[in-house]
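In what follows, a single structure is set out as structure tokens and then discussed.
In structure tokens form, the structure reads like this:
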């Protein structure tokens, strides 16, 4: 059968040895060195780069192993529930994050060195959606420490912290200034990217853990004082996010009614108040927020005759005004332009999202900087003067002679966000943000902790990861325990001892004087034979893998319903169509299990001395599939060379 040129390009070209150089030099010295070699294989667990790249610190390799059927659940539990529980150990929002996370884990995936990354977020979405469909709930301990934690902010960081704190036995009260929980999930991302029924389900699962009180429309510093919180609670977590947008730093922006921020635009839309936009919309940005603004604007369209109170900027600026649904039904398409300082390939929005916006009819002008807002005699913006630019030391410089005006009825600035610390000035670090130490404490304020965008605006997954560490710190503080030293690679690691315990295979207790030969643990039952855990210190690179083991396997792509420019008006259906169960399993099988055995049998097959053997089925579990008979091992290192996952290292004595 003929092979297309595209298929040929995608096939792996990497080989363990170059053609013509497929045997070791000086075979005798390097392989059969029986009388002098002291090295034997050691099974070394390391963190895969997907987990090392995940700000939430998820055990990604772990739940991929469960989905593919390699790691078995404990007796009486379905694999889908087991995958859900492993996934949510770090992040309680798999359905949400599987949809909207930009997936830095996929950028780090070692399979990129072979052909294409594993579709981690698509499998995570499958886990999350399946959990909702099957009604899985979070388990809360019976333990009640009697400690009460105030969480200020009900967004991703605050909710994730409540989840982690409840698992530790503490009671929580969430104070939220808006009329609903979810933060940027609810008010910053449109519903066709974050389906509200699934968001509500993942939030409710946290509330249903019990002893999580919610107080909506309550602003700390205005409705409740900081001093009152300090009196009523054992600790306070500030997770207020950054829900104030930044205006354009150009002449004419300030005080112009139809110049608004992207944050305000999306909040008005997500609250259901903004139902139409302007005829000509210009958005300045280049990141995810700007993509959401222009995509929403294309879907909303505009109406020709508008009462002054129904102008889009009036609805955006006034939190009580709303468009009439009937008049919005007469909407026509809007002309929408997105400008970015950076070239298209350097924009912070994902390439995928930029491509979708283009398909939906958005005009994208890259390498362009705003210069001035052009206004009419009534003080309204009629256009935005821009110029081509070059970046010098991170600052844009206009190119002389390239200035022109983009006509606009509405100008949206999506160039960043800031915190609103009115009433909380004592926490302001001078930049409208809050300071944090490495344990996510507020420096100089005992009992105060902080997580999320209010430290530095970043990804949703970053806020969730910070909340996990902050919850650990809060737990230590209220229980008057010492803070534990955080590992260098600070993520949720696979723990072999926990796995053995789960499988009722835990080592026996060590009793001094009855342990037998102390020089090794090959036959001892009080230790895990020939195993070393470096996961907290090292991330395994592709150079440690035997990539020649893996064949080309195309990625299982999620289907998407992305409307064309002609179809986009009024199109608010979810774009992403999740993987089927079979597709999710197939995609999980593409994981190369970097840094942990995935039971390929290479080491057993290629060992010339039959020194490497499979562990007896009755004693076997993930990470303990093979072991080595030291009496037979000659230190030839063939097993280490043919280990696809880099789990085998030649050690003992070094």
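Numbering (UniProt numbering), first residue to last: 1 to 654.
Ideal Cβ placement from N, Cα and C applies to all residues, glycine included.
Residue i, DSSP secondary structure in three states
| i | result |
| --- | --- |
| residue 105 | helix |
| residue 492 | coil |
| residue 603 | helix |
| residue 362 | coil |
| residue 34 | Because the pLDDT at residue 34 is just 45, under 50, the model does not fix this residue reliably, and the value given afterwards should be weighed accordingly. Looking at residue 34 - three-state DSSP - the assignment turns out to be coil, as it is neither helix nor strand. |
| residue 369 | strand |
| residue 396 | strand |
| residue 571 | coil |
| residue 50 | helix |
| residue 541 | coil |
| residue 352 | helix |
| residue 27 | Any reading at residue 27 needs caution, since the residue's pLDDT is 48, under 50, leaving its predicted position unreliable; the model's value is listed next. Looking at residue 27 - three-state DSSP - the assignment turns out to be helix. |
| residue 561 | coil |
| residue 417 | strand |
| residue 244 | strand |
| residue 471 | helix |
| residue 303 | coil |
| residue 41 | strand |
| residue 123 | helix |
| residue 292 | helix |
| residue 484 | coil |
| residue 627 | strand |
| residue 639 | helix |
| residue 298 | helix |
| residue 284 | strand |
| residue 332 | strand |
| residue 130 | helix |
Residue from the options with nearest C-alpha to residue i
| i | options | result |
| --- | --- | --- |
| residue 299 | 276, 456, 321 | 276 |
| residue 401 | 387, 249, 414, 74 | 387 |
| residue 422 | 414, 432, 636 | 432 |
| residue 404 | 462, 384, 410 | 384 |
| residue 248 | 553, 282, 571 | 282 |
| residue 511 | 55, 131, 213, 525 | 525 |
| residue 539 | 611, 577, 491 | 491 |
| residue 363 | 648, 329, 336 | 336 |
| residue 229 | 174, 253, 69 | 174 |
| residue 569 | 441, 546, 631, 279 | 279 |
| residue 284 | 368, 543, 221 | 368 |
| residue 331 | 346, 339, 301 | 301 |
| residue 546 | 208, 290, 649 | 649 |
| residue 567 | 651, 360, 85 | 360 |
| residue 222 | 464, 586, 177, 131 | 177 |
| residue 235 | 206, 485, 475 | 475 |
| residue 291 | 641, 77, 233, 193 | 193 |
Chain C contact for residue i (CB, 8 Å cutoff)
| i | result |
| --- | --- |
| residue 632 | In the structure shown, chain C does not exist; there is a single protein chain. |
Residue environment, residue i, which counts as buried when at least 16 other CB atoms sit within 10 Å
| i | result |
| --- | --- |
| residue 530 | buried |
| residue 181 | buried |
| residue 636 | buried |
| residue 320 | exposed |
| residue 494 | buried |
| residue 646 | buried |
| residue 408 | buried |
| residue 343 | exposed |
| residue 251 | exposed |
| residue 171 | buried |
| residue 124 | buried |
| residue 557 | exposed |
Cβ separation of residue i and residue j, assumed to be a contact under 8 Å, to the nearest whole Å
| i | j | result |
| --- | --- | --- |
| residue 417 | residue 370 | 18 Å between Cβ atoms; not a contact. |
| residue 537 | residue 488 | 5 Å |
| residue 129 | residue 95 | 5 Å |
| residue 597 | residue 625 | 5 Å |
| residue 634 | residue 609 | 6 Å |
| residue 381 | residue 316 | Rounded, the Cβ-Cβ distance is 14 Å, inconsistent with contact. |
| residue 49 | residue 110 | 6 Å |
| residue 203 | residue 165 | So it is not a contact: roughly 16 Å between Cβ atoms. |
| residue 549 | residue 602 | 7 Å |
The ligand COA heavy atom lying under 7 Å from the CB of residue i
| i | result |
| --- | --- |
| residue 436 | The ligand COA is absent from the structure shown, which contains no ligand whatsoever. |
### Message
Can you confirm whether the region 585–605 touches the region 114–124 when touching is taken to mean that 3 or more C-beta pairs between the two stretches lie within less than 8 Å?
### Response
yes
### Message
For the structure I just gave you, are there three or more beta carbon pairs, one from the region 226–246 and one from the region 435–453, closer than 8 Å?
### Response
yes
### Query
Quick one: any contact between the region 309–324 and the region 207–223, if contact means 3 or more CB pairs under 8 Å?
no
### Query
Taking one C-beta from the region 80–96 and one from the region 460–477 each time, how about it: are there three or more such pairs within less than 8 Å?
yes
### Message
So, does the region 98–116 touch the region 148–156, judging by three or more C-beta pairs under 8 Å?
### Response
no
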